[in-house]
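K.L.:
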Amino acid sequence: MLQYAQTTRVNEKIDVYSFGVVLLELTTGKEANHGDEYSSLAEWAWRHIQVGTDVEDILDNEIKEACYMDEICNIFKLGVMCTATLPASRPSMKEVLKILLTCSSPLSIGDKNVGFYDSAPLLKNSKWENNMEYYTDDD
């Protein structure tokens with residue numbers, strides 16, 4: 445991973461970056477090293493957001509389902525947020541979890557609002573609900 449190779453230190457923001465890369469891989473069907481020698485999947489995704497490409501146009505055709513399109517687009521956008529160039533701009537894993545669970549907070553990249561998260565029904569089950577207080581308590 446480029447982030448780790450540059451710093452040789454592991455921290456939460458590098459973990460968030462890695463999680464974002466996984467989200468981008470899952471939603472686009474592309475590998476993390478997608479692009480040329482000067483580009484990565486994260487950079488490719490950021491460029492598409494910056495130029496205003498419709499997210500649906502860059503998603504993996506294998507996972508496009510009309511009934512889940514909003515959720516899939518939002519997961520892609522969360523992946524973009526997690527792979528922000530500046531580590532301080534990335535959410536914490538606790539914030540990522542809250543976004544996935546609350547599914548009601550808008551996500552912004554710069555001045556752009558990139559959508560609402562509405563995937564909580566996919567995450568809700570008794571196993572998760574029993575453990576959520578531990579992860580979502582305000583410290």
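Okay, so the sequence shown: first residue is 445 according to the numbering used here, each after it adds one.
Beta carbons are placed, not taken as given, at the ideal position from N, Cα and C, and that holds for glycine.
Quick check: Lys457 and Pro531, are their CB atoms within less than 8 Å of each other?
P.N.:
Taking the first residue of the sequence shown as position 1, residue 457 is located at position 13. Taking the first residue of the sequence shown as position 1, residue 531 is located at position 87. Cβ distance < 8 Å, so Lys457 and Pro531 count as in contact.
K.L.:
Report yes if the C-beta distance between Ile502 and Thr527 is below 8 Å; otherwise report no.
P.N.:
Your numbering for residue 502 matches position 58 in the sequence shown. Your numbering for residue 527 matches position 83 in the sequence shown. No.
K.L.:
Please classify Asn455: is it buried, with 16 or more other beta-carbons within 10 angstroms of its beta-carbon, or exposed?
P.N.:
For this step, residue 455 is matched to residue 11 along the sequence shown. Classification for Asn455: exposed.
K.L.:
I'd like to confirm something about Leu503: is its beta-carbon nearer than 7 Å to some heavy atom of the ligand COA, or not?
P.N.:
Ligands displayed in this structure: none; no statement on the ligand COA is therefore possible.
K.L.:
Pull up the distance between the alpha-carbon of Phe463 and that of Glu515, whole angstroms please.
P.N.:
Walking along the sequence shown from the start, residue 463 turns up at place 19. Walking along the sequence shown from the start, residue 515 turns up at place 71. Rounded to whole angstroms, Phe463 to Glu515 spans 17 Å at the Cα level.
K.L.:
Starting from Cys511, trace the alpha helix (DSSP H) in both directions and tell me its first and last residue.
P.N.:
The residue given as residue 511 occupies position 67 in the sequence shown. Run containing Cys511: none; DSSP gives neither H nor E here.
K.L.:
Alpha helix (DSSP H) containing Glu500: first to last residue?
P.N.:
In the sequence shown, residue 500 corresponds to position 56, counting from 1. Here the alpha helix (DSSP H) through Glu500 covers 499-502.
K.L.:
If you follow the alpha helix (DSSP H) that Ile458 is in, where does it begin and where does it stop?
P.N.:
Taking the first residue of the sequence shown as position 1, residue 458 is located at position 14. Element bounds for Ile458: 456-472.
K.L.:
One question on the structure: do Val460 and Met513 come within less than 8 Å of each other, judged by their Cβ atoms?
P.N.:
Taking the first residue of the sequence shown as position 1, residue 460 is located at position 16. Taking the first residue of the sequence shown as position 1, residue 513 is located at position 69. No, these two residues do not count as a Cβ contact at 8 Å.
K.L.:
Could you pull out every residue in the same chain whose Cβ sits closer than 6 Å to the Cβ of Cys517, ignoring the five residues on either side in sequence?
P.N.:
Taking the first residue of the sequence shown as position 1, residue 517 is located at position 73. Excluding residues within five positions, the ones whose Cβ falls inside 6 Å are Val499.
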